[in-house]
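Asker: Residue numbers (the numbering used here): 1 to 497. Sharing a structure, written as structure tokens. Questions coming.
What follows is the structure, encoded as structure tokens:
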């Protein structure tokens with residue numbers, strides 16, 4: 001027999017936090033299942049099902065005794081994972097009273113939903129921390145004017161604070177969706193093999209053996225049993241009518257929400273990578289950190305690259321889950337099982353790793369103000385294009401004619417500047433602006449005086465529109481969010497590899 005080599009789970013071992021790994025770990029799942037079994041058993045006992053004294057206590061006493069190897073050996077015999085875990089728990093407790101009236105999906109569906117709900121809450125908390133960190137950065141750099149780019153080329157001036165606010169706004173939208181999803185996320189409940197709850201009814205009706213007709217009171221007892229189980233798992237509502245499995249479109253609702261959450265950090269990271277390439281910013285570089293095994297001193301945005309990569313991983317799991325939507329046979333089957341075992345934990349672990357990395361970058365970020373200002377100086381003529389057009393139109397010029405005129409002057413200016421070395425080009429831009437203004441003033445198509453041109457050229461905050469205000473407004477929203485979630489607003493990420 002070939003040696004059994006352990007292949008590590010990269011998402012769990014390298015990227016995700018300990019808290020998220022615990023939720024989806026085999027041991028965590030076993031303990032959650034045992035919690036559900038005991039909750040059901042206690043509820044059944046309270047509703048009149050015979051359970052000898054000391055049985056519940058015996059199960060409770062061994063809930064934490066999890067031997068995964070023993071369970072795996074049992075499964076080799078049973079070829080049924082749930083049956084193996086039932087046998088293990090009963091052997092430890094010395095009784096056989098759990099899982100009465102339950103099918104495997106009564107266990108696994110509800111536990112998976114518990115894992116999903118707990119993971120959504122953890123994601124929500126970390127997203128709050130990301131938004132608050134973005135708010136702090138937005139406030140810090142609300143007035144730092146920089147080159148704004150569309151299509152990755154200079155367009156108009158903005159501020160670095162507004163750039164952080166842009167991604168923060170997107171994160172706020174994702175947070176709204178998460179909150180909505182958590183508010184309406186319902187438990188499947190104890191529905192049995194085809195959703196009729198017949199087995200639980202049989203368990204409860206066994207109390208009155210002479211009563212063959214199913215009475216409303218018995219159905220109400222099952223409903224009460226479900227509500228107690230839901231409450232025991234922290235759910236407020238239970239689905240009314242499902243088959244063996246709950247609709248897989250709900251899983252897609254969850255994972256697609258994770259994709260939406262991943263977008264803002266990925267956009268932020270991609271922009272930081274672009275800015276780092278121009279020497280404007282750094283994601284941070286710790287003492288002893290190495291950027292390249294071949295190039296000493298290299299400082300690449302490796303964590304931002306990770307953030308972008310993990311976003312793609314989350315999207316890939318969403319594609320997997322999407323394939324299960326509308327693929328349910330009759331009252332249910334288990335063809336979806338292998339997909340969900342991979343995709344659900346994978347999506348949460350990947351997103352958790354992304355949020356941890358995003359928080360690390362936001363904490364360690366370095367901003368190079370002088371380089372940002374130098375780039376701004378280099379591209380001032382490009383950034384003046386739209387304000388010049390608006391000033392010309394305001395002075396009475398024909399818009400399309402003024403548009404052509406300004407284009408001609410800027411093309412000539414760029415041609416002159418491109419013939420110079422980069423360092424001279426950046427240093428000389430502000431010196432050459434007066435020459436540009438001379439040519440603009442002399443063009444009759446623009447109707448602009450030197451005073452009017454001078455008003456336009458006094459750039460900085462004047463050319464940024466409402467950028468600074470928008471950055472500060474977002475920062476205020478982030479502060480309000482921090483007041484609402486004081487325990488998570490300043491969450492510190494785990495040390496990442």
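Ideal placement from N, C-alpha and C gives every residue a C-beta, glycine not left out.
Helix, strand or coil for residue 466 per DSSP?
Answerer: In this structure, residue 466 counts as coil in the three-state DSSP scheme.
Asker: Could you pull the start and end residues of the beta strand (DSSP E) that residue 149 belongs to?
Answerer: Where residue 149 is concerned, the enclosing beta strand (DSSP E) stretches over 145-150.
Asker: Would you mind reading off the limits of the beta strand (DSSP E) that contains residue 157?
Answerer: Segment 153-159, the beta strand (DSSP E) holding residue 157.
Asker: Mapping the DSSP letters down to three states, classify residue 98 as helix, strand or coil.
Answerer: It is coil, neither helix nor strand.
Asker: Span of the alpha helix (DSSP H) holding residue 37?
Answerer: Its alpha helix (DSSP H) spans residues 26-46.
Asker: Quick check on DSSP: helix, strand or coil for residue 7?
Answerer: Three-state DSSP puts residue 7 in coil, outside helix and strand.
Asker: Thinking C-beta only, is residue 447 closer than 8 Å to residue 157?
Answerer: Against a cut-off of 8 Å, the Cβ pair of residue 447 and residue 157 comes out as no contact.
Asker: Given a cut-off of 8 Å on the beta-carbon distance, is the pair residue 549 and residue 149 in contact?
Answerer: In the structure as shown, the chain begins at 1 and stops at 497. Residue 549 is therefore absent and cannot be evaluated.
Asker: Return helix, strand or coil for residue 282, following the three-state DSSP convention.
Answerer: Residue 282 falls in the strand class under three-state DSSP.
Asker: Could you work out which residue in 74, 314, 283 is closest to residue 299 when comparing CA atoms only?
Answerer: Residue 283 is the option with its Cα nearest to residue 299.
Asker: Under the rule that 16 or more other beta-carbon atoms within 10 Å means buried, what is residue 329, buried or exposed?
Answerer: By the 10 Å Cβ count, residue 329 comes out exposed.
Asker: Whose CA, out of 247, 254, 273, lies closest to the CA of residue 331?
Answerer: Nearest option by C-alpha distance: 247.
Asker: Whether or not the region 255-269 and the region 59-72 are in contact is what I'm after, with contact meaning three or more pairs of Cβ atoms, one per stretch, closer than 8 Å; do they touch?
Answerer: No contact exists between the region 59-72 and the region 255-269.
Asker: Any contact of the region 187-202 with the region 134-142, i.e. 3+ C-beta pairs under 8 Å?
Answerer: Output reads no: the region 134-142 does not touch the region 187-202.
Asker: Which residues does DSSP pair with residue 187 in a beta bridge?
Answerer: Beta-bridge pairing links residue 187 to 238.
Asker: Tell me residue 366's beta-bridge partners as DSSP assigns them.
Answerer: 282, per the DSSP bridge assignment.
Asker: Taking the CB atoms as reference points, tell me whether residue 144 and residue 159 lie closer together than 8 Å.
Answerer: Contact: yes.
Asker: Look at the alpha carbon of residue 73 and the alpha carbon of residue 180, and state the distance between them as a whole number of angstroms.
Answerer: Rounded to the nearest angstrom, the two C-alpha atoms are 42 Å apart.
Asker: If contact is defined by three or more beta carbon pairs under 8 Å, each pair taking one atom from either stretch, is the region 120-134 in contact with the region 340-358?
Answerer: Touching, per the Cβ criterion.
Asker: So, is residue 490 buried or exposed, given that buried needs 16 or more other C-beta atoms within 10 angstroms?
Answerer: Counting Cβ neighbours within 10 Å, residue 490 comes out exposed, since fewer than 16 surround it.
Asker: According to DSSP, is residue 488 part of a helix, a strand, or is it coil?
Answerer: In the structure shown, residue 488 sits in coil (DSSP, three-state: anything other than H, G, I, E or B).
Asker: On the criterion of 16 or more Cβ atoms from any shown chain inside 10 Å, does residue 492 qualify as buried, or is it exposed?
Answerer: The residue in question, residue 492, is exposed, as its Cβ has fewer than 16 Cβ neighbours within 10 Å.
Asker: When the Cα atoms are used, what is the spatial distance from residue 210 to residue 200?
Answerer: Unreliable placement is indicated for residue 210, whose pLDDT of 48 sits below 50; no coordinate value is reported for it.
Asker: Taking the C-alpha atoms as reference points, what is the distance between residue 450 and residue 443?
Answerer: Near 11 Å, if we compare the C-alpha coordinates of residue 443 and residue 450.
Asker: For residue 25, tell me which candidate among 41, 12, 376 has the shortest Cα-Cα distance.
Answerer: It is 12 whose Cα lies nearest to the Cα of residue 25.
Asker: Which one of 345, 87, 204 has the shortest CA to CA distance from residue 20?
Answerer: The option with the nearest alpha carbon to residue 20 is 345.
Asker: Ignore the nearest five residues each way along the sequence and tell me which others in residue 114's own chain have a CB closer than 7 Å to its CB.
Answerer: Answer for residue 114: 32, 233, listed in chain order.
Asker: I'd like to know whether the C-beta atoms of residue 303 and residue 357 end up nearer to each other than 8 Å.
Answerer: Yes, Cβ-Cβ distance for residue 303 and residue 357 is below 8 Å.
Asker: So, using beta-carbon positions, are residue 371 and residue 480 closer together than 8 Å?
Answerer: Result no, Cβ atoms of residue 371 and residue 480 do not sit closer than 8 Å.
Asker: If distances are taken between C-alpha atoms only, which option among 473, 369, 445, 122 comes closest to residue 162?
Answerer: Taking only the C-alpha atoms, the option nearest residue 162 is 473.
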